[in-house]
Ligand code: IPM
Ligand code: MN
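The structure is reproduced here in structure tokens:
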């Protein structure tokens, strides 16, 4: 298969981790005789520095003509501490999601057996956790009208959803549940918010088309508590944009490091793959950032194009590296391996599949 991949590695540790997933995709291309070509473009703070725009036209044009986008991370502390900044790196990511119509963000969360003691949560609580979060990504409070009064003393963000926006992401979540343990939990705040009541109504009506799926509802405050109290009760979680953002960071604690969590952002035409972590500015250039979230995002890219054997090879290699404790310092208390070394080790496992004794 030929794939032209736009690489938007962005800020902070973005380029370091993305370089590792490119390495992995190249190893996959070589092993399975695919042709993957990569083309880089600017996004985020680095794009603001160079062009004044967090999503330059050239970058968007590249994404619109590419088969997929591999995204690194964005954000820079110089903007976080300046509430009056007119242009922010995050606007680049949000504009990209909107322009590419990436309405569904899929975030798998898993407790790896060999990492159970790395989580601050107790082992018996997180054991057997295997969740996929379907987060709506182009609507809700992130994209509603924003106002700030002239005197700067009053502000508002509108949260709005249409039936169509709810349905398209919900269909994907129902289908995902059908392929798993058939349990779907809608997380909302329907006891307070009108938008949440619409979500419940629309999703309930859809459930008759998926009679094998067991649909449950949970208020977001309770869901936040259940996520650390009894996470293995969840299978597929479906939720709106902001709740999904918050719940998925919370869920990342289960795996032992946010540096493990990958995501796919999908629309009708385009797809983008990115780790859920941020730009981790304190770690930039130190070679300590965990590349696994980016590498697993590359595996989701392979799956998206139906290359499931290839994706499984990447996941098996990652699991093997984790089992052998070839991990960056976030997961390895003995100092750990560098970003580059972890990537190279996984690359080696892919190239030499005899090293991948998957069931051993
Ligand atoms: C994420 C991030 C983004 C979000 C930020 C950087 C805009 O936190 O992808 O989870 O809030 O969606
Ligand atoms: Mn987030």
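Residue numbers (full-length UniProt numbering): 1 to 360.
Heads up, the beta-carbon is just placed ideally off N, CA and C, and yes, glycines get one too.
#### Entry: For residue 230, the first and last residue of its enclosing beta strand (DSSP E)
Careful: residue 230 lies outside any beta strand (DSSP E) and carries neither H nor E.
### Message
For residue 264 and residue 84, I'd like the C-alpha separation in whole angstroms.
### Response
Rounded to the nearest whole angstrom, the C-alpha separation of residue 264 and residue 84 is 31 Å.
### Message
Checking 8 Å against the spacing of the C-beta atoms, do residue 321 and residue 345 come in under that value?
### Response
yes
### Message
To test your reading of the DSSP string, which unbroken alpha helix (DSSP H) runs of 4 or more residues are found completely within the segment 152-180?
### Response
Entirely contained in the segment 152-180, the alpha helix (DSSP H) runs reaching 4 residues are, in chain order, 163-178.
### Query
Would you call the CB atoms of residue 62 and residue 254 closer than 8 Å?
no
### Task
Would you give the residue range spanned by the alpha helix (DSSP H) that residue 48 belongs to?
45-51
#### Entry: Contact under 8 Å by Cβ, residue 287 with residue 250
One thing to note: residue 287 has its Cβ no nearer than 8 Å to the Cβ of residue 250.
### Query
Per DSSP, residue 135 forms a beta bridge with which residues?
Note: residue 135 sits in a beta bridge opposite 105, 239.
#### Entry: Nearest to residue 155 (by Cα), restricted to the options 141, 166, 163
141
### Task
Count the other C-beta atoms from every protein chain shown that fall within 10 angstroms of the C-beta of residue 163, then say buried if there are 16 or more, exposed otherwise.
exposed
### Message
Tell me which residue opens and which closes the alpha helix (DSSP H) that residue 275 is part of.
### Response
Segment 271-275 is the beta strand (DSSP E) holding residue 275; no alpha helix (DSSP H) there.
### Query
Would you say residue 44 and residue 77 are within 8 Å of each other, going by their C-beta atoms?
The Cβ-Cβ distance between residue 44 and residue 77 does not fall below 8 Å.
### Task
Check whether the segment 219-234 touches the segment 178-187, counting contact only when three or more Cβ pairs, one atom from each stretch, lie closer than 8 Å.
Using a Cβ-Cβ distance cut-off of 8 Å, the segment 219-234 and the segment 178-187 are in contact, since at least three pairs of beta carbons, one from each stretch, lie closer than that value.
#### Entry: Element boundaries [alpha helix (DSSP H), containing residue 313]
308-323
### Task
Excluding the 5 residues preceding and the 5 following residue 11 in the sequence, name in chain order all residues of the same chain whose CB lies nearer than 7 Å to its CB.
Excluding sequence neighbours, residue 11 sits near 44, 45, 46, 73, 74, 75, 76, 89, 279.
### Query
Is residue 247 near ligand 2, judged by its Cβ being under 7 Å from some heavy atom?
no
### Task
Leaving aside the five residues before and after residue 16 along the sequence, list all residues of the same chain whose C-beta is less than 6 Å from its C-beta, in chain order.
289, 339
### Query
Below 8 Å, can you find three or more Cβ-Cβ pairs linking the segment 169-184 to the segment 203-219?
yes
### Message
Only counting the same chain, and skipping five residues up and downstream in sequence, which positions put a Cβ closer than 6 Å to that of residue 252?
### Response
These residues qualify, in order along the chain: 258, 261.
### Straight-line gap, residue 111 to residue 148 (C-alpha atoms, nearest Å)
42 Å
### Task
Let me know the secondary structure DSSP gives residue 358 once reduced to three states.
With a pLDDT of 48 at residue 358, under the threshold of 50, the modelled position of this residue cannot be trusted; read the value that follows with caution. Residue 358: coil per DSSP, three-state reduction.
### Three-state secondary structure (DSSP) of residue 42
coil
### Query
Going straight from the alpha carbon of residue 319 to that of residue 325, what length do you get?
10 Å
### Message
Which same chain residues end up closer than 8 Å to residue 208 when comparing Cβ atoms and leaving out the 5 residues on each side of it in sequence?
### Response
none
### Task
State the DSSP-derived secondary structure class of residue 123, mapped to helix, strand or coil.
helix
#### Entry: Identity of the residue in 130, 9, 123, 99 nearest residue 143 by Cα
99
### Query
At a cut-off of 7 Å, is residue 93 close to ligand 1 when judged by its beta-carbon and the heavy atoms of the ligand?
yes
### Cβ-heavy atom distance, residue 106 to ligand 2, below 7 Å
no
### Message
Is residue 237 near ligand 2 - that is, is its Cβ less than 7 Å away from at least one heavy atom of it?
### Response
no
### Query
Based on Cα-Cα distance, which residue from 6, 337, 135, 196 lies nearest to residue 67?
6
### Task
May I ask you to check if the CB of residue 74 is nearer than 7 Å to at least one heavy atom of ligand 2?
no
### Query
When the Cα of residue 166 is compared with those of 201, 56, 157, 158, which residue comes out closest?
201
### Message
Whole angstroms are fine: how far does the CA of residue 113 sit from the CA of residue 360?
### Response
Confidence at residue 360 is low in this model, with a pLDDT of 36, below 50, so its placement is unreliable and the value that follows should be read with caution. Each residue's Cα considered, the two are about 14 Å apart.
### Message
Run through the DSSP bridge pairs and tell me what residue 215 is partnered with.
### Response
184
### Message
Is any non-hydrogen atom of ligand 3 found closer than 7 Å to the C-beta of residue 90, if you look at the structure I gave you?
### Response
As presented, the structure is devoid of ligand 3, carrying ligand 1 and ligand 2 as its sole ligands.
### Backbone CA spacing between residue 25 and residue 293 [nearest angstrom]
The C-alpha of residue 25 lies about 14 Å from the C-alpha of residue 293.
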